[in-house]
Amino acid sequence: MSGETFDVLIIGGGIVGAACALEAVRSGLKVCVCEKGVIGAGATAAGMGHLVVMDDSEAQFALTSRSLQLWRDLADSLPVSAEYQVSGTLWVGADDEEMAEVGRKRSFYESRNVRVEVLDPRQLSEAEPHLRSGLAGGLLVPDDAVVYSPVVAKFLIDRANDAGAVLREGVTVSAIHPHGALFVDGTTVSAGVVVNATGSWSPGLTPGIPVQRRKGHLAITDRYPGFVNHQLIELGYLKNAHAVTSDSVAFNVQPRQTGQVLIGSSRQFGVDDPAIEAPMLKWMLERAVEYMPDLTGLKIIRTWTGFRAATPDSLPLIGPVEVEDGRLWLATGHEGLGITTSLGTAELLVDQILGRQSQIPTAPYFPDRSLREDIHHG
Amino acid sequence: MAEKVTILIDGTVHEVECGTTVAAAVLNAGRSLFRRSVTGAGRGPLCGMGICYECRVEIDGVLHSRSCLVPCRSGMEVRTDG
Ligand SMILES: Cc1cc2nc3c(=O)[nH]c(=O)nc-3n(C[C@H](O)[C@H](O)[C@H](O)COP(=O)(O)OP(=O)(O)OC[C@H]3O[C@@H](n4cnc5c(N)ncnc54)[C@H](O)[C@@H]3O)c2cc1C
Ligand code: FES
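Protein sequences, first through last, are from chains A and B.
Numbering of the first sequence is given in numbering that gives the first Met the number 0, commencing with residue 0 and proceeding in unit increments.
Numbering of the second sequence is given in numbering that gives the first Met the number 0, commencing with residue 0 and proceeding in unit increments.
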């Protein structure tokens with residue numbers, strides 16, 4: 000492999016790298032993807048796979064809603080095992096304050112042509128009979144979906160592969176520079192464009208980028224078909240998620256096509272150990288039970304953790320960064336939305352590489368928007 | 000002679016000896032398919048001691064109960080995937 004030259008070399012075979020590879024090869028570029036382990040086995044295998052339109056900033060809305068459109072375009076060609084399901088998001092309001100947030104969200108979405116429906120307490124309990132009584136209401140976003148992301152990552156890579164992209168699996172990159180990469184086995188690959196798509200590992204290859212690991216816990220139950228019908232999220236979630244300094248948990252429950260119930264999630268900075276932390280898991284499950292007391296009758300069969308790649312402004316880093324001897328490209332920092340935004344990210348990245356006009360403004364995701372430290376390759 | 004209790008297996012009445020586990024009662028009723036896996040494969044008791052989870056059935060509305068650990072009680076309703 001040493002000596003071979005590509006137009007685009009993508010480091011990282013998570014859903015982001017996989018989506019970028021397919022988009023690049025489809026645009027006529029000669030592509031190589033390198034993955035140190037197995038395709039989709041990083042954060043992509045850990046996440047919940049909720050495909051959600053977000054309203055916390057214009058830029059987050061633009062990227063998530065464009066991505067949801069791309070997911071809808073892709074849906075028909077996905078294999079059944081990708082478990083793509085338009086289950087909708089139901090944002091759950093516990094009190095008047097959270098219902099004010101429901102009202103704000105509703106006008107935000109409606110003015111941008113996203114279908115929503117406000118539910119009163121009775122409609123909420125009809126939609127989700129296992130939610131506790133006494134909740135204030137909710138906002139249903141019916142076109143949001145869920146997917147089983149590692150299968151999608153594999154599907155995207157296989158498609159890229161079929162279209163001519165070269166895949167190197169089980170090879171670890173030890174250093175990248177603007178014209179290629181060095182592997183731990185001493186081999187090199189040269190490319191005109193080198194993309195760091197290694198998610199929470201990305202600062203290891205591009206020191207100085209503002210990406211921090213943010214740990215999350217998840218639990219999944221045995222099969223209880225019909226127990227939950229929509230992806231449910233508490234509205235206190237946003238307050239919690241924005242507190243970047245302290246640990247938090249949120250009620251976040253998802254129906255899987257198998258009838259399993261996926262229960263999330265926790266957020267922690269400053270922890271590198273992937274081990275389950277019993278107090279965090281307990282706190283997360285207690286939060287879930289506060290909203291859905293009947294969860295106590297369900298059997299959990301597996302618990303695990305994953306790491307999100309968080310940025311200070313919660314937006315991903317998509318585009319080039321200037322280093323001493325050229326430019327490196329980033330597609331990282333997707334935090335808790337990288338399954339959703341993988342498809343939009345790929346489009347934005349390849350548009351920039353080819354100098355094409357994008358469907359949405361690219362500037363909010365430029366990596367240098369928030370660079371405080373020197374970027375250098377290492 | 001041991002005391003008898005009556006249970007329902009998939010809606011059919013069965014009389015079993017008191018102390019019989021649900022797993023044994025279902026097997027004695029001539030059924031070996033207790034549940035189906037995610038891919039639809041038939042499954043039944045393997046370890047008989049609560050470890051393998053292969054013998055799960057619905058007992059009195061509780062899904063995924065390990066039938067090898069539960070003694071039959073009078074009036075119990077058992078549902079299999081068979
Ligand atoms: C608990 C939790 C819940 C989540 N829920 C959701 C959700 O509901 N919806 C949503 O949209 N997102 C969700 N996310 C976020 C989502 O999982 C991530 O944003 C997304 O998977 C990021 O994909 P990625 O390809 O950037 O990273 P990864 O999947 O981590 O891929 C990076 C890849 O790079 C490889 N790599 C690293 N270093 C090297 C190297 N030196 N050489 C070669 N290869 C290397 C790794 O092995 C890995 O496969 C969640 C995340 C967590 C942790
Ligand atoms: S037979 Fe193994 S758990 Fe019941």
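Just so you know, even glycine gets a beta-carbon here, dropped at the ideal spot from N, CA and C.
These numbers were taken from a predicted model, which means no experiment stands behind them.
When you measure from the CB of residue i to every non-hydrogen atom of ligand 1, does any distance come out below 6 angstroms?
{"i": "Ser86 of chain A", "result": "no"}
{"i": "His229 of chain A", "result": "no"}
{"i": "Gly12 of chain A", "result": "yes"}
{"i": "Val52 of chain A", "result": "no"}
{"i": "Cys17 of chain B", "result": "no"}
{"i": "Arg212 of chain A", "result": "no"}
{"i": "Lys393 of chain A", "result": "Not covered by the structure: residue 393 of chain A. The range shown for chain A is 0 to 377."}
{"i": "Asp153 of chain A", "result": "Asp is not the amino acid found at residue 153 of chain A; the sequence shown has Lys there. Because no heavy atom of ligand 1 lies under 6 angstroms away, the Cβ of Lys153 of chain A does not count as near it: no."}
{"i": "Glu34 of chain A", "result": "yes"}
{"i": "Trp378 of chain A", "result": "The question about residue 378 of chain A has no answer here: the residues shown for chain A are numbered 0 through 377."}
{"i": "His333 of chain A", "result": "yes"}
{"i": "Ala164 of chain A", "result": "no"}
{"i": "His176 of chain A", "result": "no"}
{"i": "His49 of chain A", "result": "yes"}
{"i": "Ser264 of chain A", "result": "yes"}
{"i": "Arg43 of chain A", "result": "It should be pointed out that residue 43 of chain A corresponds to Thr in this sequence rather than to Arg. Yes; taking the cut-off as 6 angstroms, the Cβ of Thr43 of chain A has a heavy atom of ligand 1 nearer than that."}
{"i": "Val172 of chain A", "result": "yes"}
{"i": "Leu77 of chain A", "result": "no"}
Helix, strand or coil for residue i? Go by DSSP, reduced to three states.
{"i": "Ala274 of chain A", "result": "coil"}
{"i": "Thr205 of chain A", "result": "coil"}
{"i": "Val83 of chain B", "result": "Absent from the model: residue 83 of chain B. The displayed extent of chain B is 0 to 81, so no value can be given."}
{"i": "Glu323 of chain A", "result": "coil"}
{"i": "Leu181 of chain A", "result": "strand"}
{"i": "Ala44 of chain A", "result": "helix"}
{"i": "Lys298 of chain A", "result": "coil"}
{"i": "Ser313 of chain A", "result": "coil"}
{"i": "Asn195 of chain A", "result": "strand"}
{"i": "Phe5 of chain A", "result": "strand"}
{"i": "Asp221 of chain A", "result": "strand"}
{"i": "Pro363 of chain A", "result": "helix"}
{"i": "Ala159 of chain A", "result": "helix"}
{"i": "Thr11 of chain B", "result": "strand"}
{"i": "Ala28 of chain B", "result": "coil"}
{"i": "Gln211 of chain A", "result": "strand"}
{"i": "Lys29 of chain A", "result": "coil"}
{"i": "Thr187 of chain A", "result": "strand"}
{"i": "Lys35 of chain A", "result": "coil"}
Once you ignore the five residues that flank residue i on each side, which residues in its own chain have a CB closer than 6 angstroms to its CB?
{"i": "Val270 of chain A", "result": "Lys214"}
{"i": "Lys29 of chain A", "result": "Phe5 and Asp6"}
{"i": "Arg30 of chain B", "result": "Gly81"}
{"i": "Ala23 of chain A", "result": "Val7, Val30 and Val349"}
{"i": "His216 of chain A", "result": "Ser265, Met279, Leu280, Met283 and Thr304"}
{"i": "Gly377 of chain A", "result": "At Gly377 of chain A, the pLDDT of 38 sits below 50, so the modelled position is not reliable; the number obtained from the coordinates is stated separately. Pro206, listed in sequence order."}
{"i": "Lys35 of chain A", "result": "Thr171"}
{"i": "Ile9 of chain A", "result": "Gly16, Cys19, Ala20, Val32, Val194 and Ala196"}
{"i": "Phe107 of chain A", "result": "Asp54"}
{"i": "Ala44 of chain A", "result": "Pro149"}
{"i": "Val183 of chain A", "result": "Thr171 and Ser173"}
With a threshold of 8 angstroms on Cβ separation, who are the neighbours of residue i within its own chain once the five nearest residues in sequence on each side are excluded?
{"i": "Arg371 of chain A", "result": "Confidence is the limiting factor: at Arg371 of chain A the pLDDT is only 40, short of 50, which leaves the residue's position unreliable and the question unanswerable from this model."}
{"i": "Gly325 of chain A", "result": "His176, Pro177 and His178"}
{"i": "Val260 of chain A", "result": "Ile219, Thr220, Tyr223, Phe226, Val227, Val252, Gln253, Pro254, Leu294 and Leu297"}
For residue i, which residues of its own chain have a beta-carbon under 7 angstroms away from its beta-carbon, when the five flanking residues on both sides are left out?
{"i": "Ile374 of chain A", "result": "Because Ile374 of chain A carries a pLDDT of 44, less than 50, the predicted location of this residue cannot be relied on, and the following value inherits that uncertainty. Same-chain partners within the cutoff: Thr205, Gly207, Ile208, Val320 and Val322."}
{"i": "Arg25 of chain A", "result": "Ala162"}
Original post:
Taking any heavy atom of ligand 2 as the mark, which residues have a C-beta closer than 7 angstroms to it, listed down the chain?
Top reply: One residue after another in chain order, those with a Cβ under 7 angstroms from a heavy atom of ligand 2 are B:Ala22, B:Pro44, B:Leu45, B:Cys46, B:Gly47, B:Met48, B:Gly49, B:Ile50, B:Cys51, B:Tyr52, B:Glu53, B:Cys54, B:Arg65, B:Ser66, B:Cys67 and B:Leu68.
Original post:
Touch check for the segment 158-176 of chain A and the segment 270-286 of chain A: three-plus C-beta pairs under 8 angstroms?
Top reply: They do not touch, by the three-pair rule.
Original post:
Is it true that the segment 328-345 of chain A meets the segment 9-25 of chain A, where meeting means three or more beta-carbon pairs spaced less than 8 angstroms apart?
Top reply: Output reads yes: the segment 9-25 of chain A touches the segment 328-345 of chain A.
Original post:
Does the count of Cβ pairs from the segment 138-155 of chain A and the segment 74-93 of chain A closer than 8 angstroms reach three?
Top reply: In short, these stretches touch, since the Cβ pair count reaches three.
Original post:
Three or more beta-carbon pairs under 8 angstroms between the segment 339-359 of chain A and the segment 62-77 of chain A, yes or no?
Top reply: Counting C-beta pairs closer than 8 angstroms gives three or more between the segment 339-359 of chain A and the segment 62-77 of chain A, which meets the contact rule.
Original post:
Does the segment 126-138 of chain A touch the segment 96-116 of chain A, meaning 3 or more C-beta pairs lie closer than 8 angstroms?
Top reply: Because the criterion of three Cβ pairs below 8 angstroms is met, the segment 96-116 of chain A and the segment 126-138 of chain A touch.
**OP:** Decide yes or no for the touch test of the segment 50-60 of chain A against the segment 88-108 of chain A: beta carbon pairs closer than 8 angstroms, at least 3 of them.
**Re:** A contact exists between the segment 50-60 of chain A and the segment 88-108 of chain A.
Subject >> Three or more C-beta pairs below 8 angstroms linking the segment 62-79 of chain B and the segment 3-13 of chain B >> reply: Segments in contact, yes.
Original post:
Can we say the segment 125-135 of chain A touches the segment 154-163 of chain A, given the rule of at least three CB pairs closer than 8 angstroms?
Top reply: Too few Cβ pairs lie closer than 8 angstroms, so no.
Subject >> Given 8 angstroms, three or more beta-carbon pairs between the segment 350-370 of chain A and the segment 53-63 of chain B >> reply: Proximity of the segment 350-370 of chain A to the segment 53-63 of chain B falls short of the contact definition, fewer than three beta-carbon pairs being nearer than 8 angstroms.
Original post:
Can at least three beta-carbon pairs, one atom from the segment 286-293 of chain A and one from the segment 184-193 of chain A, be found at a separation below 8 angstroms?
Top reply: As far as the Cβ criterion goes, the segment 286-293 of chain A does not touch the segment 184-193 of chain A, which means the pair count is below three.
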